[in-house]
Each structure stands twice: as C-alpha cells, then as structure tokens.
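Everything in the sequence shown is counted per the numbering used here, starting at 23 for the first residue and increasing by one.
For each residue, glycine too, the CB sits at the ideal point set by N, CA and C.
One structure is given below, encoded as structure tokens.
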Amino acid sequence: MSRRASRQRAATLSALACLLAVTAAAPGEPSGVDRPAKKQQGSLLDAVPKSKVLRVCTTGDYRPFTYKDPKDGSYSGIDIDMARDLAKSLDAKARFVDTTWANLTKDLAGGKCEIGVGGVSITLARARQVYFSEPTREDGKTPIVRCADKDKYQTLKDIDQAGTTVVVNPGGTNEQFARANIKHATIKVHPDNTTIFDEIVAGRADVMMTDASETLYQAKLHPELCSVHPDKPFTFAEKAYATPRGDRDFQEYVTQFAHLATHDGTYAKYEAKWMS
23 MSRRASRQRA
33 ATLSALACLL
43 AVTAAAPGEP
53 SGVDRPAKKQ
63 QGSLLDAVPK
73 SKVLRVCTTG
83 DYRPFTYKDP
93 KDGSYSGIDI
103 DMARDLAKSL
113 DAKARFVDTT
123 WANLTKDLAG
133 GKCEIGVGGV
143 SITLARARQV
153 YFSEPTREDG
163 KTPIVRCADK
173 DKYQTLKDID
183 QAGTTVVVNP
193 GGTNEQFARA
203 NIKHATIKVH
213 PDNTTIFDEI
223 VAGRADVMMT
233 DASETLYQAK
243 LHPELCSVHP
253 DKPFTFAEKA
263 YATPRGDRDF
273 QEYVTQFAHL
283 ATHDGTYAKY
293 EAKWMS
C-alpha cells in the first residue's frame, strides 16, 4: 500500500471514530420504551372559534330531532336547536351539512363536518369510528302501526309472520334491527324517511320499528297511526352527539355542553317545543 493511500485510510478511520464517539455521547432512548406518538394537531375546540363556523352533519329526515324542509332547505328540530346553541357557545354559527344514515360516521371521520347530530343512537360499531358525547336521552326500538292493528303487533313474534310487511329506511339502526330480527315477514326498504309512514297509512306496509320518540311524534302527525308500547321498547339505546375520533378536548367540551343542557332545562325546553 502506498504512503498516500495509507494516509487516506487513516484519515477515514479517524473520521469514523469521531462520528461513533458523538453518537455514543448523544442521549439515547431508554430500552423498552415506545416512542411518543406524534403530537396531535390543534383541537376543534380552538379551530371552530377561529373559523366562526361549526359544520354539522345531519340527515334532515328524522323528526323531531332533525328535519330539512324541502321547500326552502331550512333545518329544524330538537338537535338542530341544540347545534345552534353549541355553535353560539363557541362564538360560531352552525352550518348544516347533508348526510345519510349510511354515511354519517364516514363523513364525520373524513372531515366533512365537526359534529354529527339528529337523533343519533350510540352503537359499538359507530363508537369504533367516532367519539360520542354524554347521552341526551334514552330510547329504543318499538313498532308503529295502523291503530286498528295495534293489538295485532305487540311482540316481535307477532310481527315476524308471513304476510306482514315491515318497512325500513336504509342504512341506519332501524334497518339493522329489522334484518337481525325479521326472518319470515317481508322487509321493504323505503328510501325517504320523511314519507315512510305514509306507506303504513296507505296499507303498502304494516309495521315500522323505529325509536319510540319518533313513533310518538309520527303518531301525532298521522292520527291513523299508533305507537305500540313506547314506554317498553324492544331495545335500549341512547341518543348523543358524535364528534371526530381522536379529538378528546372537543369531545369533552361537547359532553359538558350536553350535560348542562340536559340538567338546566335547555334540552327539555326544545323537547317540549317539538314533541308537544
């Protein structure tokens, strides 16, 4: 090996030795300790007041909680009033965003809106995709039928008979419940939840199983229809507001908002306004 090559090799080894020394002196990560997760970006609790807008995903087809007037596009209902109050508490205005029951959690998780409202039931499947606030009320699935048939359809066994037609709206817990429990009766999917009860009135369907709160409201709109044992529904469920998974600060704020509203008379005021 030439003297020149020998000097180059010595210089290279010396540089490597210095690099190893610096690396060894740097503070290391303790063995067995996971690296901390990347810091979460700012919470909606800060972003909404800055933007002055709270985007609210809602189906607009589930009275008394949410309804979109087809004539002028305006929204109304218990949870619409609550969403406006929530926005106001954040120095913002509510902007309502159309969604469907099948896409509600996807739209929320995908950033189309900051909150989902409108008689949304807490389910484990939904809880895997979004956070939920403290519940605003209890509810459960119960039948609504023509009043002449009220005694005929008291139990699931009564309903699940050949010759009976059960009508459902697509994509939500009503359809899930019907498909899980109806094996002999005919299940008919009606795409418009705002006109679905007309199917029973007209005799094109016999039963719909939905939340007791909706059956009571629709029975007032349609005198021909009666809610069947709404005080003893087939299932137990709770209504709440859905927020993006991962933003705990915003979820806790919405929970506190719901807690106060359900205890200071605010929610009861809106409920009386729309249910009476």
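- With a cut-off of 8 Å on Cβ pairs, the stretch 134 to 141 is in contact with the stretch 76 to 90, counting three or more such pairs.
- When secondary structure is reduced to three states using DSSP, residue 165 falls in the strand class.
- For residue 119, there is no enclosing alpha helix (DSSP H); the enclosing beta strand (DSSP E) covers residues 115 to 120.
- Residue 295 counts as exposed, since fewer than 16 other C-beta atoms from the protein chains shown sit within 10 angstroms of its C-beta.
- Residue range 288 to 297 is occupied by the alpha helix (DSSP H) that includes residue 295.
- A Cβ-Cβ separation of about 11 Å leaves residue 163 out of contact with residue 250 under the 8 Å criterion.
- By the criterion of a C-beta distance shorter than 8 Å, residue 238 is surrounded in its chain by 249, 252, 297, once the five residues flanking it on both sides are discounted.
- Between residue 76 and residue 116, the C-beta gap is smaller than 8 Å, which places the two residues in contact.
- With 16 or more other CB atoms across the displayed protein chains lying within 10 angstroms of its CB, residue 168 is buried.
- In this structure, the straight-line span from the alpha carbon of residue 190 to that of residue 81 is close to 15 Å.
- Contact annotation: residue 65 and residue 272 have beta-carbon atoms nearer than 8 Å.
- Each residue's CA atom was taken as its position, placing residue 126 and residue 79 some 7 Å apart.
- Annotation for residue 106: the continuous alpha helix (DSSP H) segment containing it runs 100 to 111.
- Residue 236 and residue 68 have their alpha carbons spaced roughly 35 Å apart.
- Three or more pairs of CB atoms, one per stretch, sit closer than 8 Å, so the stretch 98 to 115 contacts the stretch 280 to 289.
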